[in-house]
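Take a look at the structure set out below.
Protein chains: 2
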Amino acid sequence: MSRTVYVNGEFLPEEDAKISVFDRGFLFADAAYEVFPVLDGGIVDADAHLARLARSLDELDFPAHYTPDEYLPVLKTLVRNNKLHEGLIYMQVTRGAQDRSFNFPKNADPTVVMFTQQDTIADDPVAKTGITVITVPDIRWQRCDIKTVALLPACLAKAEASRRGADDAWLVDDEGFITEGSSNNAYIITKDNKVVTRHLSKAILHGITRVSVLSLISQTNLELEERPFTIEEANGAIEAFSTSASAFVMPVVSINGNKIADGKPGPHAMVLRKLCLEAARQSAAETPALSPRHRIKKRSS
Amino acid sequence: MSRTVYVNGEFLPEEDAKISVFDRGFLFADAAYEVFPVLDGGIVDADAHLARLARSLDELDFPAHYTPDEYLPVLKTLVRNNKLHEGLIYMQVTRGAQDRSFNFPKNADPTVVMFTQQDTIADDPVAKTGITVITVPDIRWQRCDIKTVALLPACLAKAEASRRGADDAWLVDDEGFITEGSSNNAYIITKDNKVVTRHLSKAILHGITRVSVLSLISQTNLELEERPFTIEEANGAIEAFSTSASAFVMPVVSINGNKIADGKPGPHAMVLRKLCLEAARQSAAETPALSPRHRIKKRSS
Numbered sequence: 000m001s002r003t004v005y006v007n008g009e010f011l012p013e014e015d016a017k018i019s020v021f022d023r024g025f026l027f028a029d030a031a032y033e034v035f036p037v038l039d040g041g042i043v044d045a046d047a048h049l050a051r052l053a054r055s056l057d058e059l060d061f062p063a064h065y066t067p068d069e070y071l072p073v074l075k076t077l078v079r080n081n082k083l084h085e086g087l088i089y090m091q092v093t094r095g096a097q098d099r100s101f102n103f104p105k106n107a108d109p110t111v112v113m114f115t116q117q118d119t120i121a122d123d124p125v126a127k128t129g130i131t132v133i134t135v136p137d138i139r140w141q142r143c144d145i146k147t148v149a150l151l152p153a154c155l156a157k158a159e160a161s162r163r164g165a166d167d168a169w170l171v172d173d174e175g176f177i178t179e180g181s182s183n184n185a186y187i188i189t190k191d192n193k194v195v196t197r198h199l200s201k202a203i204l205h206g207i208t209r210v211s212v213l214s215l216i217s218q219t220n221l222e223l224e225e226r227p228f229t230i231e232e233a234n235g236a237i238e239a240f241s242t243s244a245s246a247f248v249m250p251v252v253s254i255n256g257n258k259i260a261d262g263k264p265g266p267h268a269m270v271l272r273k274l275c276l277e278a279a280r281q282s283a284a285e286t287p288a289l290s291p292r293h294r295i296k297k298r299s300s
Numbered sequence: 000m001s002r003t004v005y006v007n008g009e010f011l012p013e014e015d016a017k018i019s020v021f022d023r024g025f026l027f028a029d030a031a032y033e034v035f036p037v038l039d040g041g042i043v044d045a046d047a048h049l050a051r052l053a054r055s056l057d058e059l060d061f062p063a064h065y066t067p068d069e070y071l072p073v074l075k076t077l078v079r080n081n082k083l084h085e086g087l088i089y090m091q092v093t094r095g096a097q098d099r100s101f102n103f104p105k106n107a108d109p110t111v112v113m114f115t116q117q118d119t120i121a122d123d124p125v126a127k128t129g130i131t132v133i134t135v136p137d138i139r140w141q142r143c144d145i146k147t148v149a150l151l152p153a154c155l156a157k158a159e160a161s162r163r164g165a166d167d168a169w170l171v172d173d174e175g176f177i178t179e180g181s182s183n184n185a186y187i188i189t190k191d192n193k194v195v196t197r198h199l200s201k202a203i204l205h206g207i208t209r210v211s212v213l214s215l216i217s218q219t220n221l222e223l224e225e226r227p228f229t230i231e232e233a234n235g236a237i238e239a240f241s242t243s244a245s246a247f248v249m250p251v252v253s254i255n256g257n258k259i260a261d262g263k264p265g266p267h268a269m270v271l272r273k274l275c276l277e278a279a280r281q282s283a284a285e286t287p288a289l290s291p292r293h294r295i296k297k298r299s300s
């Protein structure tokens with residue numbers, strides 16, 4: 000069955016979900032986006048994602064009157080229309096369509112697109128075996144804190160990983176430090192039980208799941224250290240993992256072919272994954288989108 | 000009157016020229032493009048632009064069987080359909096539409112979009128007074144030699160120039176050297192009659208107009224020096240200019256509010272502009288697109 004996709008006020012069958020070739024999202028990557036996890040028919044961290052989208056648009060000097068949080072009812076309607084029990088909502092806002100010119104248009108209205116993707120997140124079988132990563136140079140622009148659709152370097156990194164038989168790529172800056180994964184934040188756990196992840200800056204995305212996981216560390220016997228780490232340090236780690244809205248906590252079991260510890264998902268990562276999923280389910284329950292009937296029906300199936 | 004736009008094999012009124020919201024050009028900036036100048040109803044440097052597009056696609060690992068030079072007849076048809084005497088043709092090729100996933104799709108066909116823009120290039124009144132530029136940090140990715148649509152940093156630079164009352168922005172790398180303009184290559188002429196422009200590397204676009212202008216220097220009393228230059232050196236220059244497919248040679252008369260020499264277009268830049276336009280007209284005549292009747296009609300009007 001075809002999905003229902005939201006495009007500028009209309010709910011359309013996905014085959015009809017189109018935008019002008021003059022849209023600045025298409026011509027200039029002049030657009031920001033968010034990916035909202037959906038669990039149990041509710042939206043996870045809805046407010047945080049909408050706030051980050053507002054911040055991205057603000058950094059890109061979108062018109063100030065443009066406020067993403069007005070779109071929460073649309074997100075919910077889209078989940079209902081697509082009977083989405085578990086998966087993702089993708090939302091993109093562009094600076095609108097106008098005849099091609101680099102400078103910002105004076106009168107264009109932003110374009111808003113949303114669609115859903117059904118996915119198995121909580122019981123993702125991949126989390127049970129973990130993923131393998133390679134490292135590639137981080138060649139992205141210098142504002143990776145803004146969640147824009149200029150994602151070509153991330154696509155190239157992911158494709159390179161695929162070519163080299165790995166699941167994902169971690170990006171390495173000019174000084175040899177890992178910034179983050181191609182579409183996720185990167186972490187290692189050191190022998191002395193410290194969770195090490197790069198500090199916030201313009202070099203990495205300020206992950207919403209990162210915030211959640213960092214706050215959950217206090218419930219474990221781990222300590223947090225926000226600082227850059229190298230591939231060598233990662234190779235000597237007792238565990239590694241990544242976090243993202245689409246996978247929550249994902250164990251990393253090898254880097255560039257070198258196993259992390261015994262090459263199996265580490266117990267700390269699995270505990271953090273469990274805690275993170277619990278927090279996410281709680282957040283989803285606070286922003287229900289599917290009707291109760293559909294939420295229950297699906298759960299008991 | 001509405002333009003005719005080319006989208007994947009169809010010639011459509013611009014209002015109907017649309018692409019899927021799942022197009023990777025829209026979601027990931029996973030696309031390359033070219034801008035072809037049109038003079039006297041003919042296409043300037045058509046082969047060079049198509050070859051550069053092929054190179055961009057190759058660098059981005061597009062399917063090898065995909066050959067842009069097959070599109071020359073389409074470019075010509077589009078010029079004819081739009082009765083374009085002078086202006087630009089924009090051509091964009093994306094990795095196609097598929098449900099959103101960073102990794103390259105296995106079966107998607109590339110999306111090809113082309114449209115025209117009428118413009119006064121040869122007699123552009125702006126060239127008579129020259130343009131003002133500001134400098135901003137070059138925050139782009141590390142493969143600016145590939146002509147991709149991940150142009151958001153260029154848009155931000157152009158908008159910043161506009162806010163500061165200037166016409167364009169020149170980009171400055173981490174070491175204080177100018178790389179190029181927001182959408183053009185950058186040049187200064189030193190007191191000892193040397194044309195200085197940054198050497199080719201992954202840090203700048205390998206401009207087709209740059210090739211033309213560099214080859215024309217031998218017809219003047221100027222010498223060429225391909226190397227990085229600083230803002231300070233530009234401030235002490237006797238002339239400055241930029242080159243692009245959409246403006247050929249454009250005199251730059253001030254940088255960050257500091258006049259270059261007397262703040263008027265320099266004689267050398269104007270000579271290079273004239274020579275460049277002559278070469279472009281000759282190239283256009285070798286790739287005529289408008290019918291002879293239309294080419295003459297427009298010239299005598």
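Line by line, the protein sequences give chains R and Z.
Each residue of the first sequence is one higher than the last, beginning at 0 in numbering that gives the first Met the number 0.
Each residue of the second sequence is one higher than the last, beginning at 0 in numbering that gives the first Met the number 0.
Glycine included, each C-beta is placed from N, C-alpha and C at the ideal position.
Nothing here was measured: the structure is a model prediction, and the numbers come from that model.
What did DSSP end up calling residue i once you bin it into helix, strand or coil?
i: residue 193/R; result: strand
i: residue 202/Z; result: coil
i: residue 17/R; result: strand
i: residue 32/R; result: strand
i: residue 27/R; result: coil
i: residue 216/Z; result: helix
i: residue 236/Z; result: coil
i: residue 211/R; result: helix
Going by beta carbon distance, what residues of the same chain come within less than 6 Å of residue i, once the five residues before and after it are set aside?
i: residue 287/Z; result: 41
i: residue 298/R; result: Because residue 298/R sits at a pLDDT of 49, beneath the cut-off of 50, its placement in the model cannot be relied upon, and the point is left open.
i: residue 151/Z; result: none
i: residue 169/R; result: 132, 134, 177, 180, 185
i: residue 6/R; result: 16, 112
i: residue 13/Z; result: 1, 2, 4
i: residue 283/R; result: 38, 39, 41, 43
Whose CA, out of the options, lies closest to the CA of residue i?
i: residue 304/Z; options: 16/R, 33/R, 47/R, 110/R; result: Coverage of chain Z is limited to positions 0 through 300, which leaves residue 304/Z absent and any answer about it impossible.
i: residue 179/R; options: 220/R, 219/R, 189/R, 239/R; result: 239/R
i: residue 91/Z; options: 170/Z, 210/Z, 133/Z, 149/Z; result: 149/Z
i: residue 83/Z; options: 159/Z, 151/Z, 4/Z, 61/Z; result: 4/Z
i: residue 376/R; options: 145/R, 57/R, 184/R, 135/R; result: Not covered by the structure: residue 376/R. The range shown for chain R is 0 to 300.
i: residue 121/R; options: 293/R, 292/R, 276/R, 259/R; result: 276/R
i: residue 106/R; options: 225/R, 61/R, 229/R; result: 61/R
i: residue 244/R; options: 220/R, 85/R, 158/R; result: 85/R
i: residue 11/Z; options: 14/R, 165/R, 13/R, 19/R; result: 19/R
i: residue 113/R; options: 63/R, 128/R, 209/R, 2/R; result: 2/R
i: residue 57/R; options: 222/R, 23/R, 93/R; result: 93/R
i: residue 133/R; options: 270/R, 257/R, 261/R; result: 257/R
i: residue 102/Z; options: 109/R, 110/R, 162/R; result: 162/R
i: residue 116/Z; options: 289/Z, 35/Z, 229/Z; result: 35/Z
i: residue 234/Z; options: 209/Z, 222/Z, 260/Z; result: 260/Z
i: residue 230/R; options: 140/R, 197/R, 248/R; result: 197/R
Would residue i pass as a contact of residue j if the rule is Cβ separation under 8 Å?
i: residue 215/R; j: residue 278/R; result: yes
i: residue 45/Z; j: residue 71/Z; result: yes
i: residue 74/Z; j: residue 118/Z; result: no
i: residue 167/Z; j: residue 137/Z; result: no
i: residue 242/R; j: residue 184/R; result: yes
i: residue 28/R; j: residue 28/Z; result: yes
i: residue 48/Z; j: residue 207/Z; result: yes
i: residue 202/Z; j: residue 143/Z; result: yes
i: residue 59/Z; j: residue 130/Z; result: no
i: residue 225/R; j: residue 193/R; result: no
Note down, in chain order, each residue of its chain lying with its Cβ closer than 7 Å to the Cβ of residue i, except the 5 sequence neighbours on either side.
i: residue 99/Z; result: 21, 26
i: residue 153/Z; result: 181, 182
i: residue 217/R; result: none
i: residue 211/Z; result: 275, 278
Given residue i, which residues of its chain have a CB within under 8 Å of its CB, disregarding the five upstream and five downstream residues?
i: residue 273/Z; result: none
i: residue 127/R; result: 264
i: residue 232/Z; result: 187, 189, 195
Check whether the Cβ of residue i sits closer than 7 Å to any heavy atom of the ligand NAP, and report yes or no.
i: residue 200/Z; result: As presented, the structure is devoid of all ligands, the ligand NAP included, so that no description of it is given.
Checklist entry - At which residue ranges does the region 39 to 120 of chain Z contain complete alpha helix (DSSP H) runs of 4 or more residues, listed in the order of the chain? => result 45 to 58, 71 to 80
Next on the checklist: For a minimum of 3 consecutive residues, which ranges assigned as the beta strand (DSSP E) are wholly contained in the region 111 to 178 of chain R?
Outcome noted: List check, beta strand (DSSP E) in window: 130 to 136, 167 to 171.
Item to check | beta strand (DSSP E) runs contained entirely in the region 246 to 295 of chain Z, provided each spans 3 or more residues | outcome: For the region 246 to 295 of chain Z, whole beta strand (DSSP E) runs of length 3 or above, ordered along the chain, are 247 to 254.
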